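*Asks:* Numbered by the numbering used here, the letters in the first sequence go through residues 23 to 655 in order. Don't be surprised by glycine CBs; every beta carbon is placed ideally from N, CA and C. These numbers were taken from a predicted model, which means no experiment stands behind them.
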Amino acid sequence: MGVTTTIKPLITAALKDVYGQDFAEKDLTINTTKPEFEGDYTLVLFSFVKQLRQSPEQIGQAIGQHLATTHPALFQGFNVIKGFLNLVIADAYWLGYLDTSYQDKNPGHQPSNGRKVIVEYSSPNTNKPLHLGHLRNNFLGWSVAEILKQTGHEVFKTAILNDRGIHICKSMAGWKYLSDGATPESTGIKPDHFVGDYYVKAENTIKAQAAELLKALLAGDTSGIEAEADKAEAARLTGIYHQLQGEEGKEKEADKTLDQLKELARKHSPFMKITQQMLIDWENGDPEVRALWFKMNNWVYEGFAETYKVIGSDFDKNYFESETYLLGKEFVEDGLKKGVFYRKPDGSVWIDLTADGLDEKLVLRKDGTSVYITQDIGLADKKYEDFHYDQSLYVIADEQIYHMKVLQLILQKLEKPYADGVLHLSYGMVELPDGRMKTREGNVVDADDIIAELKNVAKAKTEELGKVQDFNPGELNELYDTLALGALKFFLLRVDPKKRMIFNPEESIDFHGFTGPFIQYTHARIRSILRKEEPAAGPRMEETLLPKEKELIVLLEQYSHTLDQARQEQSPSLIANYVFLVAKTYNSFIADHRVLKAESESKKQLRLRISELTGHTIAGAMGLLGIRVPERM
RNA sequence: GGCCCGGUAGCUCAGCUGAAUAGAGCAACUGCCUUCUAAGCAGUAGGUCAUUGGUUUGAAUCCAAUCCGGGUCACCA
């Protein structure tokens, strides 16, 4: 483990030896020493002052002296400035670390800890193609899964395909009535996009019909609505609306009423009715509707498969909502028996979570059909049956924080053994400068589009630089893929997953600075050096380190700590930030020091080893982000 | 309205389990390619860490209030 883990017990021991007092390791504040001071790691002394009744300077001197005399091989020196004890770790320690790790092609790998984790991610709806938000989800889920694997967990990746419901029927109705039998083959359109187009067409039809109906309703004509109850409701709302309209200061209420009317008009638009009927037919197993559903979902899967292949998403098991949406019902009985749920007079079943600071939630409709949360209970149980997980991660956007809280509470109250292992890995939505992406409104950044666009950027930049003229077309294509996906994945993973992010399509994703290609480039430079000469085996000859050499090794030694941190916080962004720092530090290092033409053979060997370790670390860290690193670019 | 999340340089973000003069990248400006790939390196400039109060030897970080932005509280998924 890292050097700070080694140092901490030595410091507590020193405090005990010198002052006879006990301190816990967690009470020690150890930071990396700021570059303007001499030293590698710094112990902050202020917190000891009260208990030890000495000035920080005195404490620093005493502890520093004690450490230097008892562990001269580890501590090369120390200095005390104000309340800080700066410790200089011996070059021998860093060189020793380099010796033992430079050949390790998979740095930071931890042995199995026997913990089983499933990561559910991606989980798309099968009525439209993937967009930028899905990409953030996919990259995050995949990366977190890999980080868990690297830190010794047994990991299974799953997805739940939301393949049924009213939105799916919209695409189906759209195609059935508005396509004239066109197919992905006949049009040459990627099949998931093809289906998505009919979703949009259906939406637009509904919108147009609803607008017309709304106009009629406002004019007092309710003949467009069949159901008597809704007819009356429409008349009532129209009356209220007209009344509110005339009143000063009631604009907000009027708008609200208008929204209710709009919703009613939507519901009763002819195309919406067709769609609703289709959902009923689907649930009743109508063969024709089922066949249509099957055909169109398969088009979508075909399209998804292509995109998943490009972005590198993979799954150990897919769950289909069409197969799981009835699952949770059995637990409703169980919950009623346990007194966790209660039944209202109309027959609907609820849970009261007000004591937990939440609300009353419906778990079963009065007609006996299940709601979203019921299905999730069922799926959680099914997954446990399938995997016997210690932990079940759900990569879902933060708009569902509340819902996931409810799910876990219910599972706990039902006394499910796996309840505490259910964790929501929530992430912020990707937004455009003018707000959220809405497929319905067509303002989305399509996943396939943005990848294609970045590939073009990669191609243009590469051609402009003219460094790979000897690449054959296949190699070039692979390089463009590597760079485009590298830029995109790094862009989405480098920020804290919890935070929502704004993506401005006007400003294309950069290839310079804090970006994937910058790090890929650094790797290519390292490989370029190592292709010319590899480090020789055998004992090390060099005993001292120049500042830039040491800085780099110190940083490389922190990799496993960073990895641990990233696992704990379930945040690939920590790795992205770290690997960028490594690349930057290496670039600075080779700008100052020659490797192949070093001042001596021993220096050359040292720097070859440093280069090798840096290359492995970069490749490993980028691998955890799902980003490939090229040999040349 | 209740609950949850956020507000740090012109822009995008680190730092948030308290510690030295608040850091990167982009954009702007200066230098550096007969030398291992300039997709690079070195440097300049840019900050009332939303506001106010509190805790502390020490606050961007913890607490409270306020302002601003977002999410959520459906017999939707």
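1. In terms of DSSP beta bridges, what is T180 paired with?
2. Does the distance from the C-beta atom of P652 to that of L501 stay below 7 Å?
3. Residues in its own chain within less than 8 Å of T34 by CB, not counting five upstream and five downstream?
4. Do you know how far the Cα of A613 is from the Cα of L552?
5. My output table needs one value for K366: the three-state DSSP class, helix, strand or coil.
6. If you draw a straight line from the alpha carbon of V141 to that of F178, how long is it in whole angstroms?
7. What separation, rounded to the nearest whole angstrom, lies between the Cα atoms of E58 and G105?
8. Do R158 and V479 count as a contact pair if the criterion is CB distance below 7 Å?
9. Report the residue ranges of all alpha helix (DSSP H) runs contained in full by the region 88 to 149; include only those spanning at least 4 residues, in chain order.
10. DSSP on A327, reduced to helix/strand/coil?
11. In angstroms, rounded to a whole number, what distance separates the CA positions of K4 and K427?
12. If distances are taken between C-alpha atoms only, which option among G357, F100, V466, K339 comes closest to P527?
13. Does the region 123 to 132 touch the region 61 to 81, meaning 3 or more C-beta pairs lie closer than 8 Å?
14. In three-state DSSP terms, what is K388?
15. When the Cα atoms are used, what is the spatial distance from A441 to P561?
16. My output table needs one value for K359: the three-state DSSP class, helix, strand or coil.
17. I think F733 touches L454, with their Cβ atoms under 8 Å apart; what is that distance to the nearest whole Å?
18. Just to confirm my understanding: we take E60, look at its own chain, exclude 5 residues before and 5 after, and list those with CB closer than 7 Å. What are they?
19. Would you kindly report the start and end of the unbroken beta strand (DSSP E) that includes T64?
20. Taking DSSP's pairing of strands, which residues face W372 in a bridge?
21. How about the region 190 to 205 and the region 615 to 626: do they share at least three Cβ pairs that are nearer than 8 Å?
22. Nearest to M294 by alpha carbon, out of K405, D277, A230?
23. Starting from the Cα of I575, find the closest Cα among W116, L65, G334, L433 and give me that residue.
24. Answer with buried or exposed for N160, where buried requires no fewer than 16 other C-beta atoms within 10 angstroms of its C-beta.
25. Return the CA-CA distance between P292 and I228, expressed in angstroms with no decimal places.
26. Do you know offhand how far H583's Cα is from Y600's?
27. Just the Cα atoms here: how many angstroms apart are L32 and R137?
28. Would you give the residue range spanned by the alpha helix (DSSP H) that A441 belongs to?
29. Ignore the nearest five residues each way along the sequence and tell me which others in A598's own chain have a CB closer than 7 Å to its CB.
30. Between D398, L380, Y330, E328, which has its C-alpha nearest L349's C-alpha?
31. Residues in the same chain with beta-carbon distance under 8 Å from T346, minus the five sequence neighbours each way, listed in chain order, please.
32. Could you pull out every unbroken alpha helix (DSSP H) segment of at least 4 residues lying fully inside the region 517 to 564, listed in chain order?
33. My output table needs one value for H153: the three-state DSSP class, helix, strand or coil.
34. Would L236 and A167 be called neighbours here (beta carbons separated by less than 7 Å)?
35. Across which residues does DSSP place N53 in a beta bridge pair?
36. For A377, does the count of other Cβ atoms within 10 angstroms reach 16, so buried, or fall short, so exposed?
*Replies:* If we stick to the structure as given:
1. E142, K339
2. Yes; because the gap between Cβ atoms is below 7 Å, this pair is in contact.
3. D44, F45, A46, E47, L50
4. C-alpha separation (whole angstroms): 16 Å.
5. coil
6. 6 Å
7. 16 Å
8. no
9. Counting only runs of 4 or more residues that sit fully inside the region 88 to 149, the alpha helix (DSSP H) segments are 113 to 123, in chain order.
10. helix
11. In the structure as shown, the chain starts at 23 and stops at 655, and residue 4 therefore has no counterpart that could be examined.
12. V466
13. no
14. coil
15. 53 Å
16. helix
17. Since the first residue shown for the chain is 23 and the last is 655, residue 733 is missing from the structure and cannot be characterised.
18. N101, N108, V110
19. 63 to 66
20. DSSP lists Y364, L384 as partners of W372.
21. no
22. A230
23. W116
24. Buried, by the Cβ-count rule.
25. 8 Å
26. 11 Å
27. 31 Å
28. Run containing A441: none; DSSP gives neither H nor E here.
29. F512, L515, R516, L647
30. D398
31. I182, Q397, G400, L401, K404.
32. 538 to 554
33. strand
34. no
35. T64
36. exposed
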